[in-house]
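Notes for the one structure printed next.
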Amino acid sequence: MSSSIRTFPPVNDSWLPFKTFDPLSLLSGGWQELIDSLVVRDPKFAPLEVLPCANVQVEPYTACEKPGRLACSLCKLVSYCTKECQKTHWGIHKRDCKDAIRSTKWKPAWIVEGRVPTFINKANMSTAEEFAQRFREKLAIGLSLWGNIPAMDVVNLSNNEKDSSANLSLAFAASGDLRHIVTTVNALGPEYTGRVNIVLNDVASPLVSRNIILLLILGMIPDEVVAAEIALHFWYSVFMPMEYRVRILSMVTSLLKNGGPGEPIVTALGSRSRLTCLVPVGVQELLMSNAGPMLSTDQAQTEYERVRTAPTRLDYRDRMYMGLKPSHRLAFLGFRRFGVVLPFGAANAHFNAPNPSLFSLSGEWLQTDYADPLESWDLDKVFESGKARGAQSEDVYGCLYFFLSDQLRTFARRIREYPISFYVFNSEACALAKEIIQGTYMAYGIPPTLRFDRIDVSNIMDPNYVGPRSVLKVWGPLLAKSDNTALTGYFMNWMAYAEKGCAVDAGTAVIMNIMEAMIKNDRVQRCLDPGTTAAIAMSNLDTYYDNSKAFSKFFKDRGLESVERETKLKLREKHKIIPHRVRTPVDGRSDALPQFADDETWYRHTRLVNMTWTERFVEFAHAK
28 MSSSIRTFPP
38 VNDSWLPFKT
48 FDPLSLLSGG
58 WQELIDSLVV
68 RDPKFAPLEV
78 LPCANVQVEP
88 YTACEKPGRL
98 ACSLCKLVSY
108 CTKECQKTHW
118 GIHKRDCKDA
128 IRSTKWKPAW
138 IVEGRVPTFI
148 NKANMSTAEE
158 FAQRFREKLA
168 IGLSLWGNIP
178 AMDVVNLSNN
188 EKDSSANLSL
198 AFAASGDLRH
208 IVTTVNALGP
218 EYTGRVNIVL
228 NDVASPLVSR
238 NIILLLILGM
248 IPDEVVAAEI
258 ALHFWYSVFM
268 PMEYRVRILS
278 MVTSLLKNGG
288 PGEPIVTALG
298 SRSRLTCLVP
308 VGVQELLMSN
318 AGPMLSTDQA
328 QTEYERVRTA
338 PTRLDYRDRM
348 YMGLKPSHRL
358 AFLGFRRFGV
368 VLPFGAANAH
378 FNAPNPSLFS
388 LSGEWLQTDY
398 ADPLESWDLD
408 KVFESGKARG
418 AQSEDVYGCL
428 YFFLSDQLRT
438 FARRIREYPI
448 SFYVFNSEAC
458 ALAKEIIQGT
468 YMAYGIPPTL
478 RFDRIDVSNI
488 MDPNYVGPRS
498 VLKVWGPLLA
508 KSDNTALTGY
518 FMNWMAYAEK
528 GCAVDAGTAV
538 IMNIMEAMIK
548 NDRVQRCLDP
558 GTTAAIAMSN
568 LDTYYDNSKA
578 FSKFFKDRGL
588 ESVERETKLK
598 LREKHKIIPH
608 RVRTPVDGRS
618 DALPQFADDE
628 TWYRHTRLVN
638 MTWTERFVEF
648 AHAK
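Note that the sequence shown covers residues 28 to 651 in the numbering used here.
If you want it as structure tokens, here you go:
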């Protein structure tokens, strides 16, 4: 056997007791000695630094440890260190490489069955009708544990304060997951020397619980490489190694021992940062269930398959596959099957413990059937990271793995380098603002005099959520007075309440002009029938549609001017922090359209992710 071939055991029996115990017993001391003895071990499989050789043999339990440098010429989803390893592995790899979904003859089910696809009916709906229908389909709604717009830096220090020693107080009033926090903190740079206070709030308990655990992982595990690896899979993978689960459980139980049920809990994150959890007892209980073995592997796999392969959603899956390159179809199918963010050819047999934080207490998948971590990040940077580590662009989730690894390692380092105080809440956003002003949390480091340099409210200003007036009235007084401070947010569903908010509602002439421009720029994918061609093209019409006037009217109709007078805030015409729309310059005009440098960029951002292209981002500053 080659010296680069490593033998690994299929099962590590020392983890087996963990599968049967009650995690709540740890709070009273039970099992703690066993857990502590397991936590000190190094990971059985070290985090990947470069793309590995794909010669993994599951039955004899062996894997080549050399880097993969020779890509499979057919699919380019896997790479090998030598021709010898490639030849040895072909018997296994050919099942993937020759999968029917990679065939040039692959056709969507509605073509094979000679019927009209189910999504065609929606193509004839108005935006308001489609929006209402969306909330009646259970598989198309759910929590957004991974986010649905690319992560953004809400400080943009180089364009605003321009001072690497400036102290910053940031409020994420409806944070969702941690992607904006990770991006913002990482962007401050290694030269930053100021202090950072971050208020992190969300009304959804599962999100809050997951965010706390991620901060524990990234702040408490001394080795930033290991910390990033465990955080990556807790955040995005449906299954993970059992040893990761044990480490997470150890940290959660240590945290909960710092306070009684429902009490504020404070813990150090390394030597410089601190985490204060001001959350109800329900979130504390959820922390334990998200760390402990509350869900069997079979239960998780069955539920994941039920959602990801639901027959009623077949045409929506095939519609996406139609727009993809053959190897990307297989990569997406692989993630739908297994739910693990790793290079396609990496060893994964040890990813056999379910991630309970992605499921409800009753074992139901918490997200939509199309939830995808690719939607959370800038795909250009994702592919850059993958290329730097040896991954081909076909291996899209391998590229994502290396990108996330880089980002999370940097974030773990920042927690160690900067003095960061995290304050985590599980409150209704407007209620939290009022409580801060009333001094409710003064004893925990949040005085009523605290003013924030940035307040990000996500999309709670949407008409179907809180709305702009209520948000600005309660959070506006908490905005620090400076030329650089701002309250930021975005509108995701506004077009369902506006006139001509998106291209399909702007009239036949507008649609025809856009279609002509798309055809001229080769942006219309030729499908097997005219109806499907038109339906798929319609999903990208808004990349060519200027919705700035419709958005301005929408805001005016909702009393923007009176809200500005009441709050003494002003909507910025020229942004300084975030762009008006996805893929437009930060300092661009409000009528700027999304930019795509070339055909590949267009493909990545319109085929690999599910964007509406109607989102509008806003910045409010103090009126002068």
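Beta carbons are placed, not taken as given, at the ideal position from N, Cα and C, and that holds for glycine.
Asked: Spatial neighbours of residue 288 within its chain, please: CB distance less than 6 angstroms, with the 5 preceding and 5 following residues excluded, ordered by chain position.; Found: 308
Asked: In angstroms, rounded to a whole number, what distance separates the CA positions of residue 201 and residue 515?; Found: 11 angstroms
Asked: Would you identify the three-state DSSP class for residue 30, choosing helix, strand or coil?; Found: Any answer about residue 30 is weak, because its pLDDT of 48 lies below 50 and its placement is not dependable; what the coordinates show is given next. Three-state result, residue 30: coil.
Asked: What whole-angstrom Cβ distance do residue 303 and residue 472 have, given they're in contact under 8 angstroms?; Found: 7 angstroms
Asked: Based on the DSSP secondary-structure assignment, which residues constitute the bridge partners of residue 223?; Found: 195 and 447
Asked: Please say whether residue 138 and residue 556 have beta carbons closer to each other than 9 angstroms?; Found: yes
Asked: In this structure, does DSSP put residue 24 in helix, strand or coil?; Found: Since the first residue of the chain shown is 28 and the last is 651, residue 24 is not available in this structure.
Asked: Might you give, ordered along the chain, the residues of its own chain that have their beta carbon closer than 8 angstroms to the beta carbon of residue 392, omitting 5 neighbours on each side?; Found: 169, 330, 331, 333, 334, 385 and 386
Asked: Is any heavy atom of the ligand MN found at a distance shorter than 8 angstroms from the C-beta of residue 240?; Found: Among the ligands in the structure shown, none appear at all, so the ligand MN cannot be discussed.
Asked: Using a threshold of 9 angstroms, state whether the C-beta atoms of residue 227 and residue 296 are closer than that.; Found: no
Asked: Helix, strand or coil for residue 97? Go by DSSP, reduced to three states.; Found: strand
Asked: Tell me residue 513's beta-bridge partners as DSSP assigns them.; Found: 481
Asked: Got a sec? Which residues, its chain only, sit under 7 angstroms from residue 220 by beta carbon, not counting five neighbours each side?; Found: 191 and 192
Asked: Is it right to say residue 465 is buried, meaning 16 or more other beta carbons lie within 10 angstroms of its own, or is it exposed?; Found: exposed
Asked: How would you write the range of the alpha helix (DSSP H) that residue 207 sits in, first residue to last?; Found: 206-214
Asked: With DSSP collapsed to three states, give me the class of residue 131.; Found: coil
Asked: Since residue 621 and residue 628 are thought to touch, with beta carbons under 8 angstroms apart, how far apart are those beta carbons, to the nearest angstrom?; Found: About 10 angstroms; that fails the 8 angstroms criterion.
Asked: State the start and end residues of the unbroken beta strand (DSSP E) segment that holds residue 645.; Found: 643-649
Asked: Have a look at 280, 356 and 551 and flag the residue whose alpha-carbon is nearest the alpha-carbon of residue 314.; Found: 280
Asked: Using the DSSP secondary-structure output, state which residues sit across from residue 79 in a beta bridge.; Found: 94
Asked: If distances are taken between C-alpha atoms only, which option among 444, 579, 371 and 482 comes closest to residue 124?; Found: 371
Asked: Comparing alpha-carbon positions, which option in 273, 576, 512 and 353 lies nearest residue 240?; Found: 273
Asked: Which residues share a DSSP beta bridge with residue 292?; Found: 304
Asked: How would you write the range of the alpha helix (DSSP H) that residue 576 sits in, first residue to last?; Found: 575-584
Asked: By the three-class DSSP mapping on this structure, what secondary structure does residue 637 have?; Found: coil
Asked: Let me know the secondary structure DSSP gives residue 284 once reduced to three states.; Found: coil
Asked: Could you check what DSSP says for residue 596 in three-state terms: helix, strand or coil?; Found: strand
Asked: Taking 9 angstroms as the CB-CB limit, is residue 413 close to chain B?; Found: No chain B is present in this structure, which holds just one protein chain.
Asked: Could you tell me if residue 388 is buried or exposed, where buried requires 16 or more neighbouring beta carbons within 10 angstroms of its beta carbon?; Found: exposed
Asked: Nearest to residue 363 by alpha carbon, out of 266, 626 and 651?; Found: 266
Asked: Alpha carbon to alpha carbon, what distance is there between residue 223 and residue 318?; Found: 28 angstroms
Asked: In terms of residues, what are the limits of the alpha helix (DSSP H) holding residue 355?; Found: 353-365
Asked: Please go through the same chain and pick out, in chain order, the residues whose beta-carbon is closer than 8 angstroms to the beta-carbon of residue 719, but skip the five residues on each side of it.; Found: Outside the shown range of the chain, which is 28 to 651, sits residue 719, and nothing can be said about it.
Asked: Helix, strand or coil for residue 263 per DSSP?; Found: helix
Asked: Decide if the stretch 452-465 is in contact with the stretch 421-434; the criterion is three or more beta carbon pairs, one per stretch, under 8 angstroms apart.; Found: no
Asked: In angstroms, rounded to a whole number, what distance separates the CA positions of residue 100 and residue 374?; Found: 21 angstroms
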